[in-house]
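Just so you know, we're using numbering that gives the first Met the number 0 here: the sequence shown kicks off at 0 and counts up by one. For glycine and all other residues, C-beta sits at the position ideal for the given N, C-alpha and C. Have a look at the structure below before the remarks.
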Amino acid sequence: MVKDPFGLLVVFSGIVLLALFLGRKFTFARKLSPVILILTISAVFSNLGIVSDEANFCGRVIDFAVPFAVCLVLFKVKLSEFKYTGLAMFVAFAVASMGTLIGVVLATISLNPFLEKLIGPDGWKLAGPFAGTYIGGSLNFFALWEGLDIGNPDLFAAANAVDNLIAFPAFLFLLTVPEMLMRFYPEAKIWKTSQLDLSEYDQQSKPTQMRVFDIAALSFMALVVMFVSGWIKDGLLAEYMPKLPTILLITTFALIIAQFKFTSRLEGAMELGNLCFYMFFVAVGIRIDVKSALLLAPVLFIFAGVLIAAHLLFVFGMGRLLRLDSRVLAVASIAAKSGPASVMAITTVKKWKHLMLPGISVALLGYAVGNYLGFGIAYLLKFILGAG
0 MVKDPFGLLV
10 VFSGIVLLAL
20 FLGRKFTFAR
30 KLSPVILILT
40 ISAVFSNLGI
50 VSDEANFCGR
60 VIDFAVPFAV
70 CLVLFKVKLS
80 EFKYTGLAMF
90 VAFAVASMGT
100 LIGVVLATIS
110 LNPFLEKLIG
120 PDGWKLAGPF
130 AGTYIGGSLN
140 FFALWEGLDI
150 GNPDLFAAAN
160 AVDNLIAFPA
170 FLFLLTVPEM
180 LMRFYPEAKI
190 WKTSQLDLSE
200 YDQQSKPTQM
210 RVFDIAALSF
220 MALVVMFVSG
230 WIKDGLLAEY
240 MPKLPTILLI
250 TTFALIIAQF
260 KFTSRLEGAM
270 ELGNLCFYMF
280 FVAVGIRIDV
290 KSALLLAPVL
300 FIFAGVLIAA
310 HLLFVFGMGR
320 LLRLDSRVLA
330 VASIAAKSGP
340 ASVMAITTVK
350 KWKHLMLPGI
360 SVALLGYAVG
370 NYLGFGIAYL
380 LKFILGAG
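Have a look at this one:
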């Protein structure tokens, strides 16, 4: 059994490499999220007794990896790119975000008795990560999970699996239905989507060059943001706002630093950030009790199903009232859930190239606001439910 920190670090690296290798090599693995592969392999290793976390190495990895990765990913959010959004996509994204918040409120309130039986009085906390992931993608899910101090690796594994599985039929809907609905969704003149020149974006989207200087600079800036945020929280704000999540300070400072030209020239932030997230997934996976995770999954399926149904009904219902193009609504919904990469893939496949840049810009906006909205709705539900 591997249980010393150095041995566990070797195992962590090996699990990440194995999951990425499987994703490259086999079709079935490509259809799964790398997150699911890593969590599954890690849980198998742990439940078979191959690894053990007696040294609490996993806890230290989790405490470091999430804020560090959040900084790196947010360093890529440039407010200047919002010039590509356009009024139609911005309104559609606002509608999609509101639909998510409504869905989270409905799911949490209607299922609260069942959530309390499974995870105790903190069921309201689940609203945060699920709101975050359907406004800004998985980045916000992980940040809010840590920021709300939910813990419970079994619940995390079940929630992440459910989130990935239930997103699949939603994506099928968003890929197929909008074109069928086009005649019922005539676009008002005020929303007319302009044909944007993609040459500037194509210039920016060349393959990443990993340079040592860039990696060193990005790492230093992320560590400084983490250090300063922790110092401000513990040294200046603890007395006045003891429950303020440090991740909100980290989000704010990272977004500010991202606007400087020096930061925009650095490459490799997403790659380094993803690697940190993958190490975080291994740490969570090693702590999973598979039986407990399976017991939690059914209620979470219903929770996510209510959220998705409310989100889609609100998006296409309000979109019809506002006379927004059904394709714009679909891209805004996909941007909220899956981020820039999915927007690029789907707008290319569907030949909606004029919606690529607007979709990417609102996806980046989701990264920026997802944490704030997630914490806000979670604490609002805590007040509504009268949780302690």
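Contiguous alpha helix (DSSP H) assignments of at least 4 residues, all confined to the segment 34-105:
56-73
Would you decide whether Ala160 is buried or exposed? Buried here means 16 or more other CB atoms lie within 10 Å of its CB.
buried
Between the CA atoms of Met97 and Pro4 - distance to the nearest angstrom:
44 Å
Please list the terminal residues of the continuous alpha helix (DSSP H) segment that includes Met388.
With the chain running from 0 to 387 in the structure shown, residue 388 is simply not present.
For Gly272, the nearest candidate out of Ala91, Ala142 and Ala187 (CA to CA):
Ala142
Cα-Cα separation, Met269 to Leu293:
32 Å
Taking just the CA atoms, how far does Tyr239 sit from Pro66?
23 Å
Can you tell me which residues form a DSSP beta bridge with Val1?
Val50
Taking Phe315 and Leu328 to be in contact with their CB atoms under 8 Å, please state how far apart those CB atoms are, rounded to whole angstroms.
6 Å
Distance between beta carbons of Val69 and Ile249, contact taken as under 8 Å:
6 Å
Just tell me which of Gly13, Phe155 and Arg326 has its CA closest to the CA of Ser291.
Phe155
Three-state secondary structure assigned by DSSP to Ile149:
coil
Let me make sure I understand the geometry here. Which of Gly365, Thr84, Phe382 and Leu384 has the alpha-carbon closest to that of Ala130?
Gly365
One question on the structure: do Val72 and Leu138 come within less than 8 Å of each other, judged by their Cβ atoms?
yes
Quick one: what's got a C-beta closer than 6 Å to Phe280's C-beta in the same chain, skipping five residues either side?
Val34, Ile37 and Leu38
Does Gly272 come out as helix, strand or coil in the three-state DSSP assignment?
helix
Nearest-angstrom Cα separation, counted from Leu180 out to Leu173:
11 Å
Measure the Cβ-Cβ separation of Ile1 and Val60 and say whether it is below 8 Å.
At residue 1 the sequence reads Val, which differs from the Ile that was named. No, Cβ-Cβ distance for Val1 and Val60 is not below 8 Å.
DSSP three-state call for Glu238: helix, strand or coil?
coil
What separation, rounded to the nearest whole angstrom, lies between the Cα atoms of Phe252 and Leu372?
17 Å
Take Leu7 as the anchor and find which of Asp233, Arg322 and Gly58 has the nearest alpha-carbon.
Gly58
Can you give the beta carbon distance from Ile376 to Gly127, rounded, assuming they're within the 8 Å contact cut?
7 Å
Which residue comes first and which comes last in the alpha helix (DSSP H) that contains Tyr371?
Met355 to Leu384
Any contact of the segment 353-360 with the segment 378-387, i.e. 3+ C-beta pairs under 8 Å?
no
Where does the unbroken alpha helix (DSSP H) through Gly338 begin, and where does it stop?
Gly338 -> no alpha helix (DSSP H), and no H or E assigned at all.
Whole alpha helix (DSSP H) runs in the segment 103-186 with 4 or more residues, listed along the chain?
126-135, 137-146 and 152-179
Please return the same chain residues whose Cβ sits closer than 7 Å to the Cβ of Ala106, not counting the five positions on each side in sequence.
Phe302, Val305 and Leu306
Check whether Leu243 and Lys232 have beta carbons under 8 Å apart
yes
Where Ile23 falls: helix, strand or coil (DSSP):
With the sequence shown as reference, residue 23 is identified as Arg, and Ile is not the correct amino acid for it. Looking at Arg23 - three-state DSSP - the assignment turns out to be helix.
Around the C-beta of Ser325, are 16 or more other C-beta atoms found within 10 angstroms, so that it is buried, or is it exposed?
buried
Identify which residue in Val10, Leu235 and Ile40 has its Cα closest to the Cα of Val289.
Ile40
Limits of the alpha helix (DSSP H) - the one that Arg264 falls within
Lys260 to Arg264
In whole angstroms, give me the CA-to-CA distance for Asp196 and Thr347.
In this predicted model, Asp196 has a pLDDT of only 44, less than 50, meaning its place in the structure is not dependable enough to derive any value.
I need the boundaries of the alpha helix (DSSP H) containing Met209, first residue and last residue.
Careful: Met209 lies outside any alpha helix (DSSP H) and carries neither H nor E.
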